[in-house]
Every structure is written in structure tokens, then in C-alpha cells.
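The structure appears below as C-alpha cells.
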Amino acid sequence: MNRFRASAALTKQWDHFDFAVEGPVATVTLNRPEKLNPLTFESYADLRDLLAELPHHEGIRVLVIQGEGKGFCGGGDVNEIIGELIKMKPAELMKFTKMTGDVIRAMRECPIPIITKIQGIAAGAGSVVALASDFRVVGRKGRFAFLFTKVGLSGGDMGAAYLLPRVVGLSRATSLLMLGDTIDAETADRYGLVSQLVDDADLDEAVAALANRIASGPTLALSQTKSLLTRELDMSMSASMELDAMTQALLMTTEDHAEFHAAFNAGRKPEWKGQ
Numbered sequence: 021m022n023r024f025r026a027s028a029a030l031t032k033q034w035d036h037f038d039f040a041v042e043g044p045v046a047t048v049t050l051n052r053p054e055k056l057n058p059l060t061f062e063s064y065a066d067l068r069d070l071l072a073e074l075p076h077h078e079g080i081r082v083l084v085i086q087g088e089g090k091g092f093c094g095g096g097d098v099n100e101i102i103g104e105l106i107k108m109k110p111a112e113l114m115k116f117t118k119m120t121g122d123v124i125r126a127m128r129e130c131p132i133p134i135i136t137k138i139q140g141i142a143a144g145a146g147s148v149v150a151l152a153s154d155f156r157v158v159g160r161k162g163r164f165a166f167l168f169t170k171v172g173l174s175g176g177d178m179g180a181a182y183l184l185p186r187v188v189g190l191s192r193a194t195s196l197l198m199l200g201d202t203i204d205a206e207t208a209d210r211y212g213l214v215s216q217l218v219d220d221a222d223l224d225e226a227v228a229a230l231a232n233r234i235a236s237g238p239t240l241a242l243s244q245t246k247s248l249l250t251r252e253l254d255m256s257m258s259a260s261m262e263l264d265a266m267t268q269a270l271l272m273t274t275e276d277h278a279e280f281h282a283a284f285n286a287g288r289k290p291e292w293k294g295q
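Number 116 in this note's numbering belongs to position 96 of the sequence shown; there are no gaps in the numbering.
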């Protein structure tokens, strides 16, 4: 029993995507392949709430987000979302746009590393979910499209104007967000949007290998590294170096750091405990 967690068990049943836990790896599967796994009001809310739960369950060390079928995610459902949004009043619209942003913020602030597996298209909101992940493993048929201006909306949706320039640079982000053109996997890789580009037949294996590598690694070190990468985006150099120093000093007191030293001298691999 973890005294820092509520007594409720991790929610295993979600109505708007499939969710599975195998050892330390949790997997969300968007499960409407006939429509390229679109996001809906309900799936946004479910994903937001799942991301709030996961950090409080120590057994889960990696989250994989994937889509069923030939594409990762085609974005928001045109009729189920756009068709409803045009009927809404400003207060309701603000609730929706804040909710979608909450998903992306939760992905970045969640201490658990997140991998997206991208086969086929990652478009609109799907492209931003991929962008907010820590690792994007992409098959050669993968494609990205930040389509927001093509539906008459700002390209800076869900934090895209904040995150994308920091990943691919301002010039390329400007083209992607303003023009909304689709880019193939090779171009996305050249831009720096891809963490690992693999043959489509090897995609599942590559994602599993990365997830297992992260899950078997030093959990505290990885989670703190993710936190620093997110927090320091808006910090001055001096503030960043101060935060680095404080974090590093804290990690130097951990069992995992001592375990590295013992394993090095014993000529064996470290047995990380996440402590």
C-alpha cells in the first residue's frame, strides 16, 4: 500500500479507448480504425483523467499511445466535434479548448515517459498528441499534418505553437502550422519530429523494445530528466542551472545512484529499483 496514493485502484476500464497494463507498461489504444481513430469530447476527457491517475501508481513506468488499424489518429472527429462546436456558446467552447489543452499539459507534466507509435497519419489533434509525447516511433508510411488552419482555426491549437518550434525550429514550425501541409516520415525525421524511424513491419517491435528499455531503467532519473526538459523551456540559464544542481544533488542520495557504483565495481549491470 502506498500511503501517498488514494485507496482507489487504477481505473482499468475506459469507454472511449482500449487500455491495458502489462507489467510496467501501460498502453492506450485509440480504437475507431474505421474513422482513423478520431478524438471526441469523451476520449479527450478520458485521456485527461487517465493521465492524472497514472503518476500515482508506481508500478507503471511507461505509457504507450497508439492507434488501431492503418493510422495513428486523424484528429478530432469532424461531425462529432466540429459539428457540435459550431452550435456551442463561447463558455462551452472555452471549456472544450481548455480540456484539449489539459490533455497536452498533462502529457508534458506526467513524470511517466510517453511513447507514441505512429503508423499512417497523425493529423490535427493527433499530431499534437504525438508532439507532446517524449518519444515518437514512426513507421516509414507515417505522416504528420497540423491541419488546423485548413478548417479555419489557428494553427496554435492545444499548445502546438509552443511545442513545435522547440522541436523543429521556428521556420519549419511556421510552415507546418500556417500551411497545414502533410509531411511524410522521411521529412518529419529530417525536421527532428521523429525519435526513431523504422520499417513498418518493425514498428511494434521497436516500440516494445523502447518501452521495455525505459521500464527497466532508473525511474527517478528518467522522470526528473523529463521534468527538467519541460520546466526549463521557459527558464533563464541561471535558473535552469540552479534547478539542475538541486535535482542532481537530490538524485545523488538515491539507491539507484549507489547501485550504479556497486554494479560498476562488481562488473555487472545495475539493478535499478526506482528508489
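The beta carbon of each residue, even a glycine, is placed where N, CA and C say it ideally should be.
Quick check on the burial criterion: 16 or more other C-beta atoms within 10 angstroms. Buried or exposed for residue i?
i	result
residue 28	exposed
residue 127	buried
residue 264	exposed
residue 97	buried
residue 1	Only positions 21 to 295 of the chain appear in the structure, and residue 1 is not among them; the question remains open.
residue 90	exposed
residue 174	exposed
residue 159	buried
residue 270	exposed
residue 217	buried
residue 196	buried
residue 239	buried
residue 23	exposed
residue 150	buried
residue 187	exposed
residue 38	exposed
residue 212	exposed
residue 154	buried
Between which two residues does the alpha helix (DSSP H) carrying residue i extend?
i	result
residue 62	61-73
residue 164	First-last for residue 164: 163-165, but that is the beta strand (DSSP E), not the alpha helix (DSSP H).
residue 117	110-129
residue 250	239-251
residue 186	180-188
residue 271	257-271
residue 228	223-235
residue 285	275-286
Following the continuous beta strand (DSSP E) through residue i, name the residue where it begins and the one where it ends.
i	result
residue 42	38-42
residue 141	141-143
residue 155	155-159
residue 134	134-138
residue 1	For residue 1 there is no data in the structure shown, the boundaries of the chain being 21 and 295.
When the Cα atoms are used, what is the spatial distance from residue i to residue j?
i	j	result
residue 117	residue 102	12 Å
residue 72	residue 130	8 Å
residue 152	residue 85	11 Å
residue 26	residue 134	23 Å
residue 140	residue 54	13 Å
residue 93	residue 136	11 Å
residue 200	residue 184	13 Å
residue 74	residue 257	31 Å
residue 293	residue 260	27 Å
residue 145	residue 138	14 Å
residue 62	residue 237	34 Å
residue 221	residue 161	10 Å
residue 36	residue 50	8 Å
residue 277	residue 284	11 Å
residue 172	residue 252	33 Å
residue 214	residue 235	21 Å
residue 207	residue 142	14 Å
residue 295	residue 273	10 Å
residue 40	residue 198	37 Å
residue 219	residue 119	35 Å
residue 275	residue 290	11 Å
residue 113	residue 105	7 Å
residue 157	residue 286	35 Å
residue 88	residue 52	7 Å
residue 124	residue 233	24 Å
residue 163	residue 288	42 Å
residue 66	residue 34	7 Å
residue 68	residue 280	36 Å
residue 202	residue 210	14 Å
Pull the bridge partners of residue i from the DSSP assignment, please.
i	result
residue 86	49
residue 101	Answer is none; residue 101 lacks a bridge partner.
residue 203	164
residue 96	59
Would you check if there are 3 or more beta carbon pairs closer than 8 Å linking the segment 54-61 to the segment 245-257? no
Give a yes or no on contact between the segment 225-235 and the segment 167-178, applying the rule of three or more CB pairs nearer than 8 Å. no
Tell me, please, whether the segment 102-112 touches the segment 178-194 by the rule of three or more beta-carbon pairs shorter than 8 Å. no
Using 8 Å as the cut-off, can you tell me whether the segment 74-93 makes contact with the segment 40-55, which would need three or more C-beta pairs spanning the two stretches below that distance? Yes, the segment 74-93 touches the segment 40-55.
At a cut of 8 Å, does the segment 181-198 reach the segment 263-281 through at least three beta carbon pairs? no
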